[in-house]
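Novice: Each residue of the sequence shown is one higher than the last, beginning at -13 in my numbering. Quick reminder that beta carbons are idealized off the backbone N, C-alpha and C, glycines included.
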Amino acid sequence: MSASDQAERGRDEPIDAEWEPADRKRSRRRESSGDNSVGIGTAITLSVVAAFAGAGMGAIASRSAVFGPALDSIGPGKLSVADGAADLGPVDARLRQLESKFAAVETATGGTDGAAITGRIISLQETVNGLQTRIGGADLAAMAAQVQRLQADTDTIRAQSESAAIAARAAFAVAAASEAARASGPFEQAFATLETILPGDPNIVALAPLARAGAPSRQELKEQFASMEDDVVRAARISASGAGFWGRVQAFLAQFVTIQRTGEGDTPVGMVERASGRLASDDIAGAVAELSRLTGPAAQVAGPWVQRARARLEIDARLAAIRAELSRGRSS
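#1: Using only the alpha-carbon positions, how far apart do Q204 and S213 sit?
#2: Beta carbon of A297: closer than 8 Å to some heavy atom of the ligand PLP?
#3: Going by the beta-carbon positions, is the gap between R304 and I270 smaller than 9 Å?
#4: If contacts are defined as beta-carbon pairs under 8 Å, then A157 and R294 qualify, I think. What distance do you get, rounded to the angstrom?
#5: Out of curiosity, what's the CA-to-CA distance linking F211 and I308?
#6: Tell me whether the beta-carbon of E300 lies closer than 9 Å to the beta-carbon of A197.
#7: How is P290 classed by DSSP in three states: helix, strand or coil?
#8: Apart from the five residues on each side of it in sequence, which residues of its chain come closer than 8 Å, Cβ to Cβ, to E276?
#9: On the three-state DSSP scale, how would you describe L184?
#10: For V160 and R296, what's the separation of their Cα atoms in angstroms?
#11: Which same chain residues, not among the five before or five after V287, have their C-beta less than 6 Å away from its C-beta?
#12: Which residues bound the alpha helix (DSSP H) around L280?
#13: With the cut-off set at 9 Å, would you say A194 and E181 are in Cβ contact?
Below, the structure written as structure tokens:
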């Protein structure tokens, strides 16, 4: 009321107004705005979530880790409008901050959404299906062929290894048999080992009776021939002397007369002389060939030596054939 009005009335006019204590007024304001505080916080949160609800599940999960603490920090007390419209400034700043963080996450993730993830999954599934088709088709056939080749190679290598092992044992057995056969007499034990390693071999079969009987060594054959050659010549001369009286005299004298041999022609003397020369050069086969041409009593005298020499030659030939066969097997 103005001072002039008060002067005209001559008294103070009471003020027509209701009076309330300040505490009650603030309490009533809180009652009217308390529910609004919670409603605004909820509305802000829902609007933020709705704005990014279209993102993929993977992006939402990653963003929740970033913005979870920020959203939790916005409580009902911080969003209260009890102090008037001026208190919404911090809320607006917080919303802008959240929008900036969402934009940063969107940029970092490249805008990944559910459709892109689904497309990548479909692409990967098609790739897997393609690989399965290849494995189930041509690739599987190629792998099967390769496995068969490897199996064949393995069998071949195993067979070659077994053959090499047999050849090594056989070579050792042949060497032992040759050493045993080089001396005079039988060599049955060494032959038995050789027969076990190479059963059914033609040379082994032919060698069996020779291993039981044995044969003189080459040196023994030379010595036996030296003591036999004069008997062969003497038998040949007695046979040529005739059956009369003078023939018998010549035969008797021939037993005590040493004959000088010239070794010429196809006479028994020439054959014996050439056989002796063959033996001097270790040619037993040549000596046997010369003495095999003898006839009559001379052939009968030389016969046992020729048989023993032939046995020696066959033993040596059979063992040489076995060695050659083993050598061809190793080279092939």
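Specialist: With the given structure in hand:
#1: On the sequence shown, position 218 is the one that residue 204 refers to. On the sequence shown, position 227 is the one that residue 213 refers to. Residue identity check: residue 204 is Arg in the sequence provided, not Gln. Taking the straight line joining both Cα atoms gives about 15 Å.
#2: Ligands are entirely absent from the displayed structure, and the ligand PLP is therefore not among its contents.
#3: The count along the sequence shown starts at 1 and reaches residue 304 at position 318. The count along the sequence shown starts at 1 and reaches residue 270 at position 284. Not closer than 9 Å, so no.
#4: Within the sequence shown, the letter at position 171 stands for residue 157. Within the sequence shown, the letter at position 308 stands for residue 294. Incorrect: roughly 28 Å between the Cβ atoms, too far for contact.
#5: Numbered from 1 along the sequence shown, position 225 holds the residue referred to as residue 211. Numbered from 1 along the sequence shown, position 322 holds the residue referred to as residue 308. One C-alpha to the other measures close to 29 Å.
#6: In the sequence shown, residue 300 corresponds to position 314, counting from 1. In the sequence shown, residue 197 corresponds to position 211, counting from 1. Not a contact, by the Cβ cut-off of 9 Å.
#7: Residue mapping note: residue 290 aligns to position 304 of the sequence shown, counting from 1. Reduced to three states, the DSSP call for P290 is helix.
#8: Taking the sequence shown and counting its residues from 1, the one referred to as residue 276 is at position 290. Closer than 8 Å at Cβ, skipping near neighbours: M257, V258, R260, A261, R264.
#9: Taking the first residue of the sequence shown as 1, we reach residue 184 at position 198. If DSSP states are grouped into helix, strand and coil, L184 belongs with coil.
#10: Counting from 1 along the sequence shown, the entry for residue 160 is found at position 174. Counting from 1 along the sequence shown, the entry for residue 296 is found at position 310. Rounded to whole angstroms, V160 to R296 spans 20 Å at the Cα level.
#11: Taking the first residue of the sequence shown as 1, we reach residue 287 at position 301. Excluding sequence neighbours, V287 sits near D217, V218, A221.
#12: Start at 1 with the first residue of the sequence shown, and residue 280 comes out as number 294. Looking at the DSSP string, L280 is not in any alpha helix (DSSP H), and its letter there is neither H nor E.
#13: Here residue 194 refers to the residue found at position 208 when the sequence shown is read from its first residue. Here residue 181 refers to the residue found at position 195 when the sequence shown is read from its first residue. Taking 9 Å as the Cβ cut-off, A194 and E181 qualify as a contacting pair.
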